[in-house]
Every structure is written in structure tokens, then in C-alpha cells.
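Worksheet for the structure shown next.
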Amino acid sequence: MQFSVTANRQRAFLAAVLVGLAMLSYFLHRTEIKVTFFGSHSESCIKQLAQTEEAFCHSFTGDRIGQRDQSALCTVWAQQRRKKQEMEDILTKLDQQMPSITFRDVKTTTSAKNSKATLLSHKDSYCVGDHLIVRLDLYDHLGKRKRYGGDFLRARVYSPGLKAGASGQVEDYKNGTYLVNFTLFWEGDVRVSILLIHPSEGVSAMWAARKKGYEKIAFTGKFLNGTSEVFTECGFNITTKEELCEYLDERDQEAFYCVKPKHVPCDAFIHLKSNNRPMSYLTPLEKSLFNRSNIGVEIPQTFGNIRVLSCNSTKTTPREKCAVGTSSPVPSGFVWQAQWRPAFCATSRLSTLDQINACLKGKLIYFMGDSTVRQWMEYLTRRVSTLKFFDLHGIGKLQNLLAVDMARNVQIQWKKHGHPIITAYDYTAKDHSYVARDIDKVAGDRDTAVVISLGQHFRPFPMELFLRRMLNVRAAVQRLLLRSPDTKVIIKAENIREMYIDPERFGDIHGYTQYLALRGIFQHLNVGFIDTWDMSIACAVNNVHPPEEVVGNQIDMFFAYIC
Numbered sequence: 001m002q003f004s005v006t007a008n009r010q011r012a013f014l015a016a017v018l019v020g021l022a023m024l025s026y027f028l029h030r031t032e033i034k035v036t037f038f039g040s041h042s043e044s045c046i047k048q049l050a051q052t053e054e055a056f057c058h059s060f061t062g063d064r065i066g067q068r069d070q071s072a073l074c075t076v077w078a079q080q081r082r083k084k085q086e087m088e089d090i091l092t093k094l095d096q097q098m099p100s101i102t103f104r105d106v107k108t109t110t111s112a113k114n115s116k117a118t119l120l121s122h123k124d125s126y127c128v129g130d131h132l133i134v135r136l137d138l139y140d141h142l143g144k145r146k147r148y149g150g151d152f153l154r155a156r157v158y159s160p161g162l163k164a165g166a167s168g169q170v171e172d173y174k175n176g177t178y179l180v181n182f183t184l185f186w187e188g189d190v191r192v193s194i195l196l197i198h199p200s201e202g203v204s205a206m207w208a209a210r211k212k213g214y215e216k217i218a219f220t221g222k223f224l225n226g227t228s229e230v231f232t233e234c235g236f237n238i239t240t241k242e243e244l245c246e247y248l249d250e251r252d253q254e255a256f257y258c259v260k261p262k263h264v265p266c267d268a269f270i271h272l273k274s275n276n277r278p279m280s281y282l283t284p285l286e287k288s289l290f291n292r293s294n295i296g297v298e299i300p301q302t303f304g305n306i307r308v309l310s311c312n313s314t315k316t317t318p319r320e321k322c323a324v325g326t327s328s329p330v331p332s333g334f335v336w337q338a339q340w341r342p343a344f345c346a347t348s349r350l351s352t353l354d355q356i357n358a359c360l361k362g363k364l365i366y367f368m369g370d371s372t373v374r375q376w377m378e379y380l381t382r383r384v385s386t387l388k389f390f391d392l393h394g395i396g397k398l399q400n401l402l403a404v405d406m407a408r409n410v411q412i413q414w415k416k417h418g419h420p421i422i423t424a425y426d427y428t429a430k431d432h433s434y435v436a437r438d439i440d441k442v443a444g445d446r447d448t449a450v451v452i453s454l455g456q457h458f459r460p461f462p463m464e465l466f467l468r469r470m471l472n473v474r475a476a477v478q479r480l481l482l483r484s485p486d487t488k489v490i491i492k493a494e495n496i497r498e499m500y501i502d503p504e505r506f507g508d509i510h511g512y513t514q515y516l517a518l519r520g521i522f523q524h525l526n527v528g529f530i531d532t533w534d535m536s537i538a539c540a541v542n543n544v545h546p547p548e549e550v551v552g553n554q555i556d557m558f559f560a561y562i563c
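Residue numbers for the sequence shown follow full-length UniProt numbering, so the first one is 1 and each next one is one higher.
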């Protein structure tokens, strides 16, 4: 009996110690968020605790003291540790792909005009389905051969008369030589275009600058104090001795802050807007690489048009119907007669209103993300006259949208993603939520589809912000598919942007790194992937909000997954 009492006391003492450790880890987690925005503060202590996280969590099994709450807390903590490790792994991989170059003279940077494009294994004609290989040898402005890679290139084959185009796959040999692989998808005369978007020196400078902070965008929050409005600074990382309002999602480690107005509660935060802060992390020498005349310069080639014959080829005709879970290659397809044709699955274009209505009948569709997927909703309501907007009494372009077709039981809604939204116009902060939380509210069934599109508004900030958000979205998608495997989840990639846009904040090099990360994060999930990055290049549309025929092609791919 004495032994039993002693053992019980020992177990109780051990449980108390474990609970204390859980509370300590929770405190460290909160401190890490609030003080350093998930930085390196207390890193050594956290690493020591992380080494025993699995044993720590398992220790609550069978313990009757604080079992449920502390075990759940510990599970969340372990998930956060794994997420942080995955973020670090992705960043390490991206660091290995990005160049790290120091230069002192613009003349030693890559020159498109001095570089050479050579067609390998030139033939008089090719067959549909053949591959065209172009070798690039890059030189600097002094005419010297480049000895390292990392240049940001954009390759495309096209036939203007056929309204046809496809992207090329660029392989970097890290020594100034590149091979560009084009698939010849259609018959006719084909041209080759290879653009130097940024030299490797510019890519290196941009990648380093992106890591330096959150200050490129200034957020202004509006608080309502009775009948008077109070404006204050907001953001992801505010350095101040003043009291802060902390808007924190503890589970997903998402945080946003505003300087707290005096005598006004944090709950009085109602509106938000932003503007570009007049600052740069680039040196004047680095900035000179991003003059508009230096962006998107054609690399000269002398081989002219390529003649492509049909040769009775069926190499580019996929047989399997498009379905979620199917891997999307690069290039993912081609545009021909202004219509997108995927290379990895078969589609049936819904060309009539009756076909579109039959597809949409009974569907509940959630568009979650930025304005590039809001375009989808605007397109559908123009195309389908029976889809009518329901007035939700919002204001501005960023208000939640709902469209319904009562006769066919169709409901489509769009909601903007959580912070950051970059716009000079006020928008409400009261309905703010992160996409992962919105996905958690979806019950799901075979007639439910969720489309997710994030990226454009994350470009001005360190990569960690985008990675954390997408890993949280992935976890929410996994939970959704677990409770409702028949729900269709579609990931929409970013569109390429205007070349005149401020490259340090919004340039496509930032979008490209996010695109690479996005493909990796969702590659093993049972989701559909619409490669609008690839589609934009194929169509040569440098517009964050592309014209209607391009949006229509994107939606055709969406229909291919859900109909």
C-alpha cells in the first residue's frame, strides 16, 4: 500500500513537471510571436525542448491530470515545430537555387544583346510532339563570357497567325550556359522568344533585399472612437515602445499589429489601407539594373522560323480526363486559336450556356484569395445571366461577393484572403479571417468546390510570410479532404505581372519563387492545380488582371476539374 501511494505521488509529480514544461513552451511560443515575429529569440531553448517533443506529447497518454488540454496543447506545439522546420527546408532549397553575387560595375552584369541563342540539331522541319532545344550562352556588357548562372529568363514559342503559344523549360548549368526545351505542340511556322527578365546580379540583389524586412509597405488602420476616427500605424513588425494591439491566430502563428490609440480599445479597429513606403533595400548600383529598359530584353537569335508538320502525330493528345490529384507538368499545356489545351489531361470545352449551366447546377463554390480569382466570379456572372449578385451591403471592390442562381441551386462566393491586402482604398477589417480558417468552416461534399489563390499581395514581404500562410492552408485542405474526400479543391497559381511594375515590391522574380514553393507544398495532395503562371507566359500576357479570353481559359480548366 505504501509503495502504491508513493508511486501515485511520483506519477502526480511527474505529471506536474510535464504540465509545467507545456506551459513554459506555450509561454516561449507566445513570446516568440509577440517580440520577434517568429525570429531567433530563445532559439537555443526551443531547440532543446524540440528534441524531446514526441516523447513529451506521448507522456500524456494515460495520465489523468490535465490529459486532454495539455495533450492538445502539446500536439499543436509539435505541429508548429514541424511547420517551422519545413519552412526552413523550403527556404534552404530556394537559397540553393538563387544566385549570390556581388558586383561593382553594371558592365559586368548579363547583357541580353551580347548573348547568343543557338538551335541545336537544326532540321529543315519538325513533327508535332518533337522537342526543340536551344542553347543560350550569356555574356556581359563588355563582351565577356558569363561564368555563373542564376539569370531570370522567360522562354516561349508562338505562332501569331494561329494565336498559339507555349512556354519553354529552362535548365541552368550554373556556368553561363542554359538549355531551353520547347515542346512543339502544333503544326505551322513557329517562332522562338527568349527574354532576359533580370540578370543574375539583379536576381541576387532582389533575393537578398526581400529577406531584410517588412517596411516596404505602410499600413494605416482606422479605429472608431464614438463619432471620431483615429488613425494609427499597423503592420507585421512594428518597432515602437508604444502599446500594441495584437491580432493573433495562435494555432496558425499568424500575427498582425496596430499601434494602440490612446483610450480606444483594440476591438475598435474597423478599416485598413496601405501605401508604398518611400524606401528601398537596394543600393543605387543595384537599382540601376531595374530600369524599365533593362527588363525583359530579347536575346537575339538567327535561326528564324521553325517549320512544324503534323506527321500524323498523336504525341500531344492526352487521353485521361482532367481530375484532381493529377500531376501538372511544365509546360502544363499550350494555347491554340486562343484556347488553352492542357498537355496532361483531356478536356471538353463548355462552349454553350446550357453546358455551363449543367456543370454549375447544384454547385457550392468558394473562391478564396486575391482579385485574380475575384475576376473569375466577375467573368462567370457576366457569362451566366441567371447568376445574380446578392447584396451583402459591403463597400468597395474588396467586399465579400455572393452570386446565386435560385432555379439551379447554384451559389458562388468570393472572399479576400487575410493580411496582407495591399490597396490605397479603405476596406473593412471586421470580417477579417485567414483562408485556413475559412476552409475549416466548409462542410464539403461532392458538389462543393474550393478555389485558393494567394501570392500577389505577399511579394513585398519576406518569404517566410507566404510560406507560413500556404503551409497553414495546406493543413486546412488536408482537414477538409479528411472529413469530405469528395470536395474538389483547386489551387490557382499566380499570374505574371506588368514589366513596368515596381520590381522590388511586386516584380515577377518574387512571384516565381512563390510559384516554385507553391508547387512543392501541394504536390502530394489530392487537389487540382491550375498553372496560370505557365498559361500567362504561353499567352504573353504581362498583366496581373489578364483580358477576358485568358480568364475564360483559366475557368475552362476549373470546369474540367469539377464537371
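Heads up, the beta-carbon is just placed ideally off N, CA and C, and yes, glycines get one too.
Please read these numbers as outputs of a predicted model, since none were measured by experiment.
Any idea which residues DSSP pairs residue i with across the strands?
| i | result |
| --- | --- |
| residue 567 | Since the first and last residues shown for the chain are 1 and 563, residue 567 lies out of range. |
| D249 | E254 |
| residue 579 | A query on residue 579 cannot be resolved here, the shown segment of the chain reaching from 1 to 563 and no further. |
| N526 | Paired residues: none, contrary to the question. |
| H432 | Paired residue(s): none; H432 is not in a bridge. |
| C234 | F219 and C258 |
| G165 | Y158 and V335 |
| P503 | DSSP, once it has assigned bridges, lists no residue as partnering P503. |
| F367 | W414 and V451 |
| D391 | Looking at the DSSP assignment, D391 forms no beta bridge with any residue, so it has no partner. |
| F182 | L132 |
| N225 | S228 |
| E171 | L179 |
Using the beta-carbon count (16 or more within 10 Å), is residue i buried or exposed?
| i | result |
| --- | --- |
| T61 | Unreliable placement is indicated for T61, whose pLDDT of 47 sits below 50; the coordinate value is still reported in the next sentence. T61 comes out exposed. |
| G39 | Because the pLDDT at G39 is just 40, under 50, the model does not fix this residue reliably, and the point stays unresolved. |
| T36 | Because the pLDDT of T36 is 35, which lies under 50, any placement of that residue in the model is unreliable, and the question is left without a value. |
| Y178 | buried |
| Q2 | Only weak support exists for where Q2 lies, its pLDDT of 39 falling under 50; the value from the coordinates is given anyway. Its Cβ having fewer than 16 others within 10 Å, Q2 is exposed. |
| F269 | buried |
| H417 | buried |
| M406 | exposed |
| G150 | buried |
| Y126 | buried |
| L196 | buried |
| K216 | buried |
| I562 | buried |
| D556 | buried |
| M279 | exposed |
| Q48 | At Q48 the pLDDT is 44, less than 50, meaning the model places this residue with poor confidence; the figure from the coordinates comes in the next sentence. Flag for Q48 reads exposed. |
Under 8 Å, do residue i and residue j count as touching if we go by C-beta distance?
| i | j | result |
| --- | --- | --- |
| D494 | G455 | The amino acid occupying residue 494 in the given sequence is Glu; Asp does not appear at that position. Yes, Cβ-Cβ distance for E494 and G455 is below 8 Å. |
| H141 | K107 | yes |
| I306 | S115 | no |
| R341 | V76 | no |
| V544 | E498 | yes |
| W376 | Q554 | yes |
| G444 | L480 | yes |
| E86 | L392 | no |
| V128 | E187 | yes |
| V259 | I238 | yes |
| C359 | P318 | no |
| I101 | Y173 | no |
| L120 | R104 | no |
| F236 | Y214 | yes |
| W414 | V473 | no |
| W207 | M98 | yes |
| T220 | E229 | no |
| L138 | E504 | no |
| A476 | I439 | yes |
| G394 | Y425 | no |
Is residue i near the ligand COA, judged by its Cβ being under 7 Å from some heavy atom?
| i | result |
| --- | --- |
| W336 | With respect to the ligand COA, the structure offers nothing, as it holds no ligand at all. |
Touch test, the segment 538-549 against the segment 359-368, Cβ-Cβ under 8 Å, three pairs minimum: no
Closer than 8 Å is the cut-off here; do at least three beta carbon pairs connect the segment 483-493 with the segment 442-454? yes
Meets three-Cβ-pair contact criterion under 8 Å: the segment 543-557 and the segment 302-312: no
Are at least three pairs of beta-carbons, each pair with one atom in the segment 284-301 and one in the segment 202-217, less than 8 Å apart? yes
Are at least three pairs of beta-carbons, each pair with one atom in the segment 430-446 and one in the segment 342-360, less than 8 Å apart? no
Closer than 8 Å is the cut-off here; do at least three beta carbon pairs connect the segment 326-344 with the segment 165-185? yes
Below 8 Å, can you find three or more Cβ-Cβ pairs linking the segment 150-165 to the segment 173-192? yes
At 3 residues or longer, what runs of the beta strand (DSSP E) sit wholly inside the segment 99-124? 110-119
Kindly provide the ranges of any alpha helix (DSSP H) runs that are 4 or more residues long and lie completely inside the segment 507-560, ordered along the chain. 508-522 and 532-539
Where in the segment 294-320 do unbroken runs of the beta strand (DSSP E), each at least 3 residues long, occur, reported from the N-terminal end onward? 306-309
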